[in-house]
Each structure stands twice: as C-alpha cells, then as structure tokens.
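Engineer: Once you've had a glance at the structure underneath, I'll fire off some questions.
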Amino acid sequence: MQGMEEAANLGMTRSIGLCNFNKTQISRILEVAMIKPANLQVLIRWLLQRGIVPLPRSTSPAHIQENIQVSMQSGKLVFCHRKHIFPGE
1 MQGMEEAANL GMTRSIGLCN FNKTQISRIL EVAMIKPANL QVLIRWLLQR GIVPLPRSTS
61 PAHIQENIQV SMQSGKLVFC HRKHIFPGE
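Taking full-length UniProt numbering, I'd label the letters of the sequence shown as residues 1 to 89.
Next up, the structure:
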C-alpha cells in the first residue's frame, strides 16, 4: 500500500484502486491507508453478461470508447450464445 501511496503522492497516478482482495484484507488496508483506495474495479463484460448495467466513470475518450466496445461485444456474444442453444427433449 505504501508503494501505491508514494506513486499517488508523486503524481504518477490519480487514484489507488483494489482488486482481488477479500473483506478482511480490505479492512486491514483501510486501517493503515493514508490515501483511501477508490471503489473496487469491476469487469464490465461480467456484469453485462449477468444483465446488470455497469456505470463506469472515465474522463479519457480512449477509455470511454473501450467501455463502449466491451458493451457492444458483450451484446454480440450473448446473441451468438443464444443462437446456438438447443433445448433438451
């Protein structure tokens, strides 16, 4: 955590995020963190495939476009998947 906070203090990153930590680990990090991590990052496609609409935040036009592409690709994947489903007898 200290290394990530140092990177933020040096202006190398705007925020710190967490991924792949369990509840206990996150609690420990929050107890010692000088800079609180941003909300956990989620996979847009994973949410879309489960019928959940994610609301990602980005100010970068490139990242916004990437998010749109994931959304469009996910729709195509769901369509292709349904096309090849054959109900059992």
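Note that beta-carbon positions come from the ideal geometry of N, C-alpha and C, so glycine has one too.
#1: Kindly indicate the opening and closing residues of the alpha helix (DSSP H) around residue 32.
#2: Does the Cβ of residue 37 have 16 or more other Cβ atoms within 10 Å, making it buried, or fewer, making it exposed?
#3: Can you say whether residue 30 is buried or exposed, counting buried as having 16 or more other CB atoms within 10 angstroms of its CB?
#4: Return the first residue and the last residue of the alpha helix (DSSP H) that residue 3 is part of.
#5: Report yes if the CB atom of residue 16 is closer than 7 angstroms to the CB atom of residue 34, and no otherwise.
#6: Verify whether the separation of the beta carbon atoms of residue 54 and residue 47 is less than 7 angstroms.
Structural biologist: Taking the geometry as given:
#1: Counting along the chain, the alpha helix (DSSP H) containing residue 32 begins and ends at 23–32.
#2: buried
#3: Exposed: under 16 other Cβ atoms inside 10 Å.
#4: 2–9 is the span of the alpha helix (DSSP H), which, as asked, contains residue 3.
#5: no
#6: Yes, the Cβ-Cβ distance between residue 54 and residue 47 is below 7 angstroms.
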